[in-house]
Structure formats: structure tokens, C-alpha cells
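Protein chains: 2
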Amino acid sequence: MSDLTTTVSQYLDIWNEADADKRAAAVAELFTADAPYIDPLVAVEGHAGFAAVVAGAREQFQGLSFELHGTVDAHHNQARFQWGLVTAPGTEPVAIGFDVLVTDEAGKIKAVYGFLDKLPAA
Amino acid sequence: MSDLTTTVSQYLDIWNEADADKRAAAVAELFTADAPYIDPLVAVEGHAGFAAVVAGAREQFQGLSFELHGTVDAHHNQARFQWGLVTAPGTEPVAIGFDVLVTDEAGKIKAVYGFLDKLPAA
Chain A
1 MSDLTTTVSQ YLDIWNEADA DKRAAAVAEL FTADAPYIDP LVAVEGHAGF
51 AAVVAGAREQ FQGLSFELHG TVDAHHNQAR FQWGLVTAPG TEPVAIGFDV
101 LVTDEAGKIK AVYGFLDKLP AA
Chain B
1 MSDLTTTVSQ YLDIWNEADA DKRAAAVAEL FTADAPYIDP LVAVEGHAGF
51 AAVVAGAREQ FQGLSFELHG TVDAHHNQAR FQWGLVTAPG TEPVAIGFDV
101 LVTDEAGKIK AVYGFLDKLP AA
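Listed in order, the protein sequences are those of chains A and B. Heads up: the first sequence runs through residues 1 to 122, numbered per the working numbering. Heads up: the second sequence runs through residues 1 to 122, numbered per the working numbering.
Dropping the structure here:
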């Protein structure tokens, strides 16, 4: 449980990391080489693909940050959780998403299956 | 979308199929050979493993049936939905679970990641 909660925290940290080199290093550390990341808007595989998705989201939502919304529900090698896109920590999220993370035996993320629960207002 | 909704329906039908041979045939038809099925209680891979899980659940919850609880949210090759374990169609579920199904390019289920939202009363 605690391992997966840590993994979720490290995963969200990547979305909040401003430095592209640090993001790339963290992605390489945290994900298996060919891990799919699939949400309603994008479907990519591998480190460069996921890093590009994060870079795009950061560009689109400048000044906002991603935080855990609620708690992490985890068992075996999988975790589900909601994340919120917020203007400041603890504020009402402008968008809420939901991810299932699946890790391999070494604890690396081998897949992210994402869904959206609340879309940003247009 | 509609393909995945159909897949979810076929998936739930397996849980409700009383005939073990028909279940095995449906599992072979619907799942890839090595698909993992992982929920809080069990983690198996492949047709025989999943069929055994369904047989065990049917034995434990005799007379109850599984139905879609709410709607299917699907995109790309993945779907999320809640299921309810009910004593009769449309009644308050005694247990509610949540699954993410992932399909391959041919539409076969290649993974099920399950969680529990409401446990049966002891």
C-alpha cells in the first residue's frame, strides 16, 4: 500500500515539475520503458511520449498544479485515485481526473489508465 | 464507445452464467490468453484463472447476480464502470465494485483491474 501511495505521489510530482530535464529523469526513473499512458485526450507509450503529454498539459494550464484529490486506493500492483488541477493547494479543483496506475514487480509504473471526472470550464 | 459497452455487458454476462462450460467458452472468446484479472481479493492470469474466480464468486454469492451499476465510461481501448451484486434486478446492491477493462486491438479484454466500493455486510 504505502509503496503505491509513494508512487502516486512521485507520479503527481512529475506533473508539477517545472524543469523539463528533471521531469525526463523522473519519468525514466519511475516508468518502465514502454509504459502506455492513455487518457481521454491522448494515448502514448514510453518515456518521451509521456514527457510530451506532461509538457503539453503544463503549457496549457500554466500556474496551476496537480494534487491528489481524496485518497489512494491500492492493492497488489495497482492503485486508483483522483487528482485535482488547482490554482492553489487545497482549493476547489478546476478539473478532476481519475487514474489507475499499474506497477511491475520492481515498482515501476507499467501503465496509466486515465479518465476525467470534471472538465475545466471553457 | 459502443464496442466497449458491449464488451462490458458480455463481461458481466460471464459472471451471471450458471453453466460452467458456457462460461469457459465465453471467457475464451472474450479474453486474451494471458489477461490478468486483479481485484482486492485475487490476482490471476489467463482463462482458467479467471474462470475459477468467477466460479468461486458464484459459489459464494448463490442466487445473486451482477449488473452494471451506473454507466460505462470508455475511450480508446479502456472502460471504467461500477457493477452491483444484487438479489434482484434494479435493487440496492449488497456489494458494489469498480473495474477498469482494457482491450487489445481486436477488442479482446487484455486486462481487468478491479476495486471494491461497497463490501457485502458480514
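Note that the Cβ used here is the ideal one computed from N, Cα and C, for glycine as well. This structure is a prediction, so every number in the text was calculated from the model and none was measured.
Checklist entry - Within 8 Å (strictly less), CB to CB, does Pro-120(B) reach chain A? => result For Pro-120(B), the answer is no, since every Cβ of chain A falls outside 8 Å of its Cβ.
Checklist entry - Going along the chain, which residues of the segment 50 to 83 of chain A sit with their C-beta nearer than 7 Å to a C-beta in chain B? => result Legend: CB atoms of the segment 50 to 83 of chain A lying less than 7 Å from CB atoms of chain B belong to residues Asp-73, His-75, His-76, Gln-78 and Arg-80.
Checklist entry - What in chain A is Cβ-close to Tyr-37(B), meaning under 8 Å? => result Those do not exist, as Tyr-37(B) stays about 11 Å from chain A at its closest Cβ, beyond 8 Å.
Checklist entry - Cα-Cα, which of Pro-93(B), Asp-21(B), Asp-39(B) and Val-8(B) is closest to Gly-114(B)? => result Nearest in C-alpha terms to Gly-114(B), of all of Pro-93(B), Asp-21(B), Asp-39(B) and Val-8(B), is Asp-39(B).
Checklist entry - How should Val-8(B) be labelled, buried or exposed, when 16 other C-beta atoms within 10 angstroms of its C-beta is the threshold for buried? => result Buried, because 16 or more other Cβ atoms sit within 10 Å of the Cβ of Val-8(B).
Next on the checklist: Am I right that Leu-12(B) and Phe-61(B) are in contact with their C-beta atoms under 8 Å? What's the rounded C-beta distance?
Outcome noted: Rounded, the Cβ-Cβ distance is 14 Å, inconsistent with contact.
Next on the checklist: Contact criterion: CB-CB distance below 8 Å. Does Tyr-113(A) meet it with respect to chain B?
Outcome noted: Cβ-Cβ to chain B under 8 Å: yes for Tyr-113(A).
Checklist entry - What do you get for Pro-89(A), buried or exposed, if any count of 16 or more other CB atoms within 10 angstroms of its CB means buried? => result The residue in question, Pro-89(A), is exposed, as its Cβ has fewer than 16 Cβ neighbours within 10 Å.
Checklist entry - What do you reckon, are the CB atoms on Ala-43(A) and His-69(B) nearer than 8 Å? => result Remark: C-beta atoms of Ala-43(A) and His-69(B) do not approach each other more closely than 8 Å.
Checklist entry - Can you pull the DSSP bridge partners for Ala-43(A)? => result Bridge partners of Ala-43(A): Ile-38(A).
Checklist entry - Can you tell which of Ala-33(B), Ile-109(B), Ala-106(B) and Arg-80(B) has its C-alpha closest to the C-alpha of Phe-98(A)? => result The candidate whose alpha carbon is nearest that of Phe-98(A) is Arg-80(B).
Checklist entry - How would you call Gln-10(A), buried or exposed, if buried means at least 16 neighbouring beta carbons within 10 angstroms? => result Looking at its Cβ environment, which holds fewer than 16 other Cβ atoms inside 10 Å, Gln-10(A) is exposed.
Checklist entry - Does DSSP put Lys-22(A) in a helix, a strand or coil? => result Look at Lys-22(A) here: in three-state DSSP terms it is helix.
Checklist entry - Cα separation between Pro-93(B) and Ala-121(B)? => result The straight-line gap from Cα to Cα measures roughly 11 Å.
Checklist entry - From Gly-84(B) to Ala-52(B), what does the alpha carbon distance come to, in whole angstroms? => result Cα to Cα, the separation comes out at about 20 Å.
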